[in-house]
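Have a look at the structure below before the remarks.
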Amino acid sequence: MATIQELIQEQVQKHPIVLYMKGNPRAPQCGFSARAVQLLQQSGVKELFTVDVLADPQIRDGIKQYSNWPTIPQLYIQGEFVGGSDIMSDLYQQGELQKLVGSAQAASAS
Numbered sequence: 001m002a003t004i005q006e007l008i009q010e011q012v013q014k015h016p017i018v019l020y021m022k023g024n025p026r027a028p029q030c031g032f033s034a035r036a037v038q039l040l041q042q043s044g045v046k047e048l049f050t051v052d053v054l055a056d057p058q059i060r061d062g063i064k065q066y067s068n069w070p071t072i073p074q075l076y077i078q079g080e081f082v083g084g085s086d087i088m089s090d091l092y093q094q095g096e097l098q099k100l101v102g103s104a105q106a107a108s109a110s
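Residue numbers (UniProt numbering): 1 to 110.
Spelled out as structure tokens, the structure:
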């Protein structure tokens, strides 16, 4: 049986774009998670793998240890930690989030 850290690593490595959030994209359970989903949709995300941290306390604690980042949501693109909703907002305003999303989707299509 895999540890939580191994499970998280598998999730972020297997999927090009992963969002650890409270709730799900159709029903976010906090404003920060809702904003993260909105920014990703506006950036052109076609395939988003999400993990509801409220559904599993081990993942909720484990993701904070994995990234060494204390808050949720957390975005990973091509296995790399990007940040939370504030960082995502800044990247979106600079046009960088759209580039990251586009390159991740292009890489997964090939």
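C-beta: ideal position from N, C-alpha, C; glycine also.
All values derive from a computational prediction rather than experimental measurement.
Quiz item: Identify the residues that DSSP records as bridge partners of F49: which are they?
Solution: In DSSP, F49 forms a bridge with V18.
Exercise. Put I72 into one of helix, strand or coil per three-state DSSP.
Key: I72 falls in the coil class under three-state DSSP.
Quiz prompt | Cβ of D56 within 8 Å of any chain B Cβ | solution = Of the protein chains in this structure there is only one, and it is not chain B.
Quiz item: According to the neighbour-count rule (16 or more other Cβ atoms, all chains shown, within 10 Å of its Cβ), is D61 buried or exposed?
Solution: Exposed.
Quiz item: Mind checking residue 112: buried by the 16 CB within 10 Å criterion, or exposed?
Solution: Nothing in the structure corresponds to residue 112, since the chain is present only between 1 and 110.
Self-check item: Nonlocal neighbours in the same chain, by C-beta distance under 6 Å from F81, ignoring five residues either side
Solution: Answer for F81: S67, listed in chain order.
Quiz item: Any chance the segment 27-39 sits against the segment 3-16, with 3 or more Cβ pairs inside 8 Å?
Solution: Contact fails between the segment 27-39 and the segment 3-16, because fewer than three Cβ pairs, one in each stretch, are under 8 Å apart.
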